[in-house]
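Here is the structure we will look at, set down as structure tokens.
Number of protein chains: 2
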Amino acid sequence: MNEERLVTQITPKSEDFSRWYVDLIRRAELADYAPMKGMMVIRPYGYAIWENIQRLLDRRIKASGHVNAYFPVFIPESFLRKEMEHLKGFAPEVAWVTHGGEDELEERLAVRPTSEAIIGHMYSKWIQSWRDLPVLINQWGNVVRWEKVTRPFLRTTEFLWQEGHTAHETFEEAQEETLRILEMYREFVETELAIPVLAGKKTDREKFAGAEATYAIEALMSDGKALQMGTSHNLGQHFARVFDIKFEDRNQKLQYVWQTSWGVSTRLIGALVMSHGDDSGLVFPPQVAPIQVIIVPISIGNWRESVLPVARKLKDSLQQAGYRTHLDDRSEYTPGWKFSEWEMRGVPLRLEIGPRDVKNNQVIAVRRDTKEKSALEMSGIEGRVGEMLVVIQKTLFERALSFQKENTREAENYEEFKKTIEEKRGFIRALWCGGEECEARIKEETMATIRVIPFQENNVTGKCVCCGQEARTNAYFARAY
Amino acid sequence: MNEERLVTQITPKSEDFSRWYVDLIRRAELADYAPMKGMMVIRPYGYAIWENIQRLLDRRIKASGHVNAYFPVFIPESFLRKEMEHLKGFAPEVAWVTHGGEDELEERLAVRPTSEAIIGHMYSKWIQSWRDLPVLINQWGNVVRWEKVTRPFLRTTEFLWQEGHTAHETFEEAQEETLRILEMYREFVETELAIPVLAGKKTDREKFAGAEATYAIEALMSDGKALQMGTSHNLGQHFARVFDIKFEDRNQKLQYVWQTSWGVSTRLIGALVMSHGDDSGLVFPPQVAPIQVIIVPISIGNWRESVLPVARKLKDSLQQAGYRTHLDDRSEYTPGWKFSEWEMRGVPLRLEIGPRDVKNNQVIAVRRDTKEKSALEMSGIEGRVGEMLVVIQKTLFERALSFQKENTREAENYEEFKKTIEEKRGFIRALWCGGEECEARIKEETMATIRVIPFQENNVTGKCVCCGQEARTNAYFARAY
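Written as structure tokens, this is what we have:
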């Protein structure tokens, strides 16, 4: 009998990836379904990851000169109607407030699906002169999009995110900001979440409703499907024109500002599950793991007297050293049950300590990523634990990078393209003529979309993988969440 | 001409407190009106205070064993209808979502005015056994209450807050939690916001809709009106019964859990303005000030070459030492303008540095609270600045405490009570029979309400200040926001 299966009751990943994903999220108490369709509750174990993401990303946002603010959750319908592309993009997904208390409202209010419209309105009041620029504001908050098909963390009616909204004097400055943020996202996701990404530009068909250009980072999940991890938009002067955000420039001439917006969301938690998880459950990179080190005392003999005090001291000294450490001292579960429970919950490092270990002044360390065991001496253990967490973080990234590389393939022609997508999934790098017809046909026939157009691919020569006409660029295709 | 008035364009506090409050909040860029009635935008300078409050309070919430989570912003109407008192209390203030995209919803969704109902539902799924207890969850988020009369920070249609929701095995544990949190709030507000409070119990008339008992901390604003700063509710088993939150107790018997809930909000930012502000503008306690130290170079002669490099070094070393420091190096404003600008914005400590100071290896320090000037030697300045910030924090608290004491008066009879409220405002401590009739009559005739019933006042003897019958307790009365 496989004890682990008994304990975790999770569909094996290899058997049914979708079931595995949902089972795991609920069983590990990352999230639960709310009673309203498409909504979820982020439970403490899942929310702790979001707090780590917030802390690590907010630090980067502030270091690059941005400040946080808070704008209303409601946006008047007339504001959304001002930018037609924007409206068309979001109207089908908007939750509408029509009554306040007993009274019907004169104008419907949208629960914000994104905040360009309300922020544009406020910027038009705040910005008068080039001296007021750039405005570099970020907001952490909740947004609502009425989605038809939902999945915990990946696509839910409400989600948490950050949305940056900046205003600049020139197009060039806005473009620099757009790409600076894209690079910040890439570095953040690869460093802290240990997930390698492809960065590049979206096609016009896939860009944000109301943007001049959208850039994105895309990662490959371990089932071979792509997930958009974050987007950075150059908004041009679209919103400035409709919300009348003008400034007097350095030559005393009135100009519209140039804007950007950008965001990442709680979707990143889903990415962590799908990138690193395995048949034993979650595997969290140490940098964002809610618990980095789990201590499990081996409950034999008089362990409460002999082992527990040593385990407690160990916990205190690891916490003191700054590691998120938990001691599982429950009597009602066996050590074996606890091992698989905390493996399932993705804790990067387990320290087992029994009577013999106490005598030998050591603990047994077990890595979640490789399941390797090693004995660690008690003296100086804080340093050793720190080193192991660094190695685990690095190993997870390298493993995911190998997977990404192995699953990024070229396709010379459409037959090969279709065969690869059908049989292997993953990213396909292929030449594209730049035409919307080919893009649409590929999506229709293979369910693959262009995830990003990579940077610095100006000198391509060859034929479009779909129509065979002269290609304009390389593109990365994949089936995506 | 008074340069300061020219600069700040703020109604003097002594002339019109309400205008002063609103002028100051907008002029100092703490917040701005949103285009929707009763809603505001929290601007970066105001949001930075909220971030400091969050950081300092979240640390206390976690240290006492609580964890954060996130529940949906929408609550089905039927859930709110389950607890009748709760419904009656909140229904008039609820914003209702009736449409998702193009479709009308089968059931209206409330935008959460508070989360007891949805959290109660989830707890009924998560709690089975006494082993699952206590559940100690907190949430940081936004809530909406459709208020008729609004004022920035104090009462707005949407506000930000934290709401704790706990579940326990026994009434006693829930009561202990309720009072532990009240004490946490008191200590937090007095230590970090430098605002002294009265702690006690609310009357049945003033308690939370659906609570067994509500406890609160109340502060006196500098116009003599009281402001409720935070509440902690013992919910008894009210929500457990309607949401069926049962657990198997230690004797294998099914029991309803005992619950608490508690919160503080962005209202605390309004309290900071009204407690410490003066005719020159805001005065922030160093612990929560967005900027703790402002450095103003004296722009004469070749200051950009002689003074600015020294000012920059000073800024770097103060930031290094952990102080939130800003250098105002703008050329387009005079030092005098900057002095009153940063006074208006409430920065606790100003450091002026001119050519002579550079020569003498010193800066001129000016305290915002007392406007006292002193020369500080450059060497070891980080320590001196730290000491001064501690003194300023302490002085603000003591000043507010003196004000509170001077404005807390006894009233022997109803004539005296009415005269004091009318002429002096402040807190009135008076005996009360415990009857709702007297409470209502006092409110009707004097606009004063019972803010709290103090603890440990069991052995009162005397007559009710209103009806002259035997008194049951002392109570603190005030006109309130």
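Taken in order, these protein sequences are the chains called A and B.
Just so it is clear: in the first sequence, position 477 is 477 by the numbering used here, and no numbers are missing.
Count along the second sequence from 1, add 1000, and you get the number used in the numbering used here.
Virtual Cβ for every residue (Gly too), placed ideally from N, Cα, C.
Predicted, not measured: the structure shown is a model, and the values here were computed from it.
- Distances from the alpha-carbon of E1416 of chain B to those of B:T1446, B:S1402, B:A1110 and B:E1470 put B:T1446 closest.
- Residues are counted here when their Cβ sits less than 8 angstroms from a Cβ of chain B; for the segment 408–420 of chain A the count is zero.
- Excluding sequence positions up to five before and after P152 of chain A, its CB lies within less than 6 angstroms of the CB of I25, A31 and M40, all in the same chain and listed in chain order.
- Classified as buried, G1210 of chain B has 16 or more neighbouring CB atoms from the shown chains inside 10 Å of its CB.
- In this structure, the straight-line span from the alpha carbon of Q404 of chain A to that of E341 of chain A is close to 29 angstroms.
- With respect to the C-alpha of T1449 of chain B, the residue from B:V1094, B:D1132, B:K1207 and B:T1334 having the closest C-alpha is B:K1207.
- Look at the beta carbons and you see the segment 274–291 of chain A touching the segment 47–62 of chain A: at least three pairs across the two are nearer than 8 angstroms.
- Within a 10 Å sphere around the beta-carbon of K1424 of chain B sit fewer than 16 other beta-carbons, which makes this residue exposed.
- If you check the CB distance, E352 of chain A and I364 of chain A come in under 8 angstroms.
- In the DSSP secondary-structure assignment, P290 of chain A is not bridged to any residue.
- Under a criterion of Cβ atoms nearer than 7 angstroms, the residues of chain A adjacent to E1102 of chain B are, in order, P92.
- Chain B places a beta carbon closer than 8 angstroms to that of F74 of chain A, counting this residue as a contact.
- Below the 9 angstroms Cβ cutoff, chain B contributes M1122, K1125 and W1126 as neighbours of D32 of chain A, in chain order.
- Between A1240 of chain B and I42 of chain A, the C-beta spacing is not below 8 angstroms.
- K1315 of chain B and S1124 of chain B have their C-alpha atoms spaced approximately 54 angstroms apart.
- Look at E187 of chain A here: in three-state DSSP terms it is helix.
- About 7 angstroms separates the Cβ atoms of L160 of chain A and S265 of chain A, confirming a contact at the 8 angstroms cut-off.
- Fully enclosed beta strand (DSSP E) runs of no fewer than 3 residues occupy 95–100, 103–111 and 135–144 of the segment 94–152 of chain A, in order along the chain.
- In the DSSP assignment, the residues bridged to S1232 of chain B are B:Y1215 and B:W1262.
- Within 8 angstroms of the CB of P44 of chain A, the CB atoms of chain B belong to V1067, N1068, A1069 and I1137, in sequence order along the chain.
- The contact set of L160 of chain A on chain B, defined by CB atoms closer than 7 angstroms, consists of Y1070 in chain order.
- Pairing V1242 of chain B with L1133 of chain B gives a Cβ-Cβ distance that is not under 8 angstroms.
- Taking C-alpha positions only, R1027 of chain B is separated from L1282 of chain B by approximately 10 angstroms.
- According to the DSSP assignment, M40 of chain A belongs to the beta strand (DSSP E) that extends over M40 to I42.
- For N1474 of chain B, the secondary structure class from DSSP, reduced to helix, strand or coil, is strand.
- Under the Cβ criterion (8 angstroms, minimum of three pairs), the segment 189–203 of chain A counts as touching the segment 217–235 of chain A.
- Around R1180 of chain B, the same chain offers no residue with a beta carbon nearer than 6 angstroms, after the five sequence neighbours per side are excluded.
- Between R267 of chain A and P1076 of chain B, the alpha-carbon positions lie close to 25 angstroms from each other.
- Using a CB distance cut-off of 8 angstroms, T98 of chain A counts as an interface residue toward chain B.
- Counting only runs of 4+ residues, the alpha helix (DSSP H) found wholly inside the segment 1334–1383 of chain B occupies 1335–1344 and 1355–1360, in chain order.
- Contacts with chain A at 8 angstroms (Cβ-Cβ) include A1095 of chain B.
- Secondary structure at N68 of chain A: strand, using DSSP grouped into helix, strand and coil.
- Annotated three-state conformation of Q252 of chain A is coil, per DSSP.
- Per DSSP, reduced to three states, the secondary structure at A199 of chain A is strand.
- Sixteen is the threshold: when 16 or more other Cβ atoms of the shown chains lie within 10 Å of the Cβ of R1345 of chain B, as they do, the residue is buried.
- The C-alpha of M184 of chain A lies about 10 angstroms from the C-alpha of E190 of chain A.
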